[in-house]
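Each remark here refers to the structure printed beneath this line.
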Amino acid sequence: MSTPLNCVLLQGLSREQRHWEDFPDRLARAIPGLRPILVDLPGNGALFQRTSPDTVEDLVEAVREEVRALKCDPPYLVLGLSLGGMLAWDWMLAYPQEISGIVVMNTSLGGECSLTKRMFPKSFLRLAAAFMRRDALARERAIVHWMSNRRDDTQVLAARWAEYARQCPVSSANVLRQLRAAARFHPGEEQPTRPVLVLSSSADRVTSPDCSLAVAQHHGLLMHSHPKAGHDLPLDAPVWVIEQLARWLV
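Sequential numbering of the sequence shown, starting at 3, is according to the numbering used here.
Printed below as a string of structure tokens:
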């Protein structure tokens, strides 16, 4: 890569930048010149005391403000997971001059997939119950179970995520506001104006992989699917995600 590329990483519902774990470091090592930019959505992580917007459009404005505060110049490559993918999509449509390309992972767009595929009813009910739990460790164990298909170090991972939650607790109100933003996001028929890579998990137990397929087919986009990873694709298959990104950037 001849010139440095600022790469903004956007997490999903109620998650913060630390939930990327070692993915940003792996990304920077694997793709020279790529600079991961980590931000939190209002209501999450370091911004847990703020009220989360309840529209994707307002969440994008908040992210743009954070990135500007970090003195990171556009254009940006934006990697978005789940809700983060919706933000990446809206950012591209609203401010194409700021975007060099986007990668959307296990995301969905309203109007292209049914609500019951955008979030499976069973996973919605189980995750909703998890978010209501006061005990951070019990809550994060349930979230890890649904978000990841890993079975090797889930107890250690849940304990670490529970500590994140104790340090930066996300309120139930903010979870609901972000969920509302995701559910109401309908970008319409406007076509992408920048390169888009769609990545999905065939074994996702939160969002149907049909949603990623619908995005790719509706807009004629390149898509790759991992056969075993869960909803948190970069957590379960970081090497695979980076390989797809590196090939796409060439």
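Cβ coordinates follow ideal geometry from the N, Cα and C atoms, glycine included.
For V10, the beta-bridge partners assigned by DSSP are I39, V80. Looking at the DSSP output, H228 bridges to S203. If you draw a straight line from the Cα of D56 to the Cα of W93, it comes to about 16 Å. For L79, the CB contacts under 6 Å within the same chain, skipping 5 residues up- and downstream, are L7, C9, S102, G103 in chain order. Counted as a single uninterrupted DSSP element, the beta strand (DSSP E) harbouring S102 occupies residues 101 to 107.
For T209, the closest of M121, L61, Q51 by C-alpha to C-alpha distance is M121.
Shortest Cα-Cα distance from G232 to any of E114, M107, L199, A138 involves M107. If you draw a straight line from the Cα of T118 to the Cα of L127, it comes to about 12 Å. In this structure the stretch 13 to 32 lies against the stretch 233 to 241, because at least three pairs of beta carbons, one per stretch, are closer than 8 Å.
The continuous alpha helix (DSSP H) containing D27 extends over residues 25 to 32.
By the beta-carbon neighbour count (other beta carbons within 10 angstroms, threshold 16), Q219 is exposed. P211 is a Cβ neighbour of S227, given a cutoff of 8 Å.
The beta carbon of F187 sits closer than 6 Å to the beta carbons of V58, M88, G112 from its chain, once the five residues preceding and following it are set aside; these are given in chain order. Remark: C-beta atoms of E142 and A167 approach each other more closely than 8 Å.
Contact check for L201 and Q246: beta-carbon distance about 6 Å, within the 8 Å limit, so the pair qualifies. Per the coordinates, the alpha-carbon of L29 lies some 8 Å from the alpha-carbon of P38. In the displayed model, V198 falls within a strand according to three-state DSSP. Spatial neighbours of E100 in its own chain (CB-CB distance under 8 Å, excluding positions within 5 residues in sequence) are listed in chain order as R66, P76, P77, Y78, W93.
Judged by DSSP secondary structure, W250 falls within the alpha helix (DSSP H) whose first and last residues are 240 to 251.
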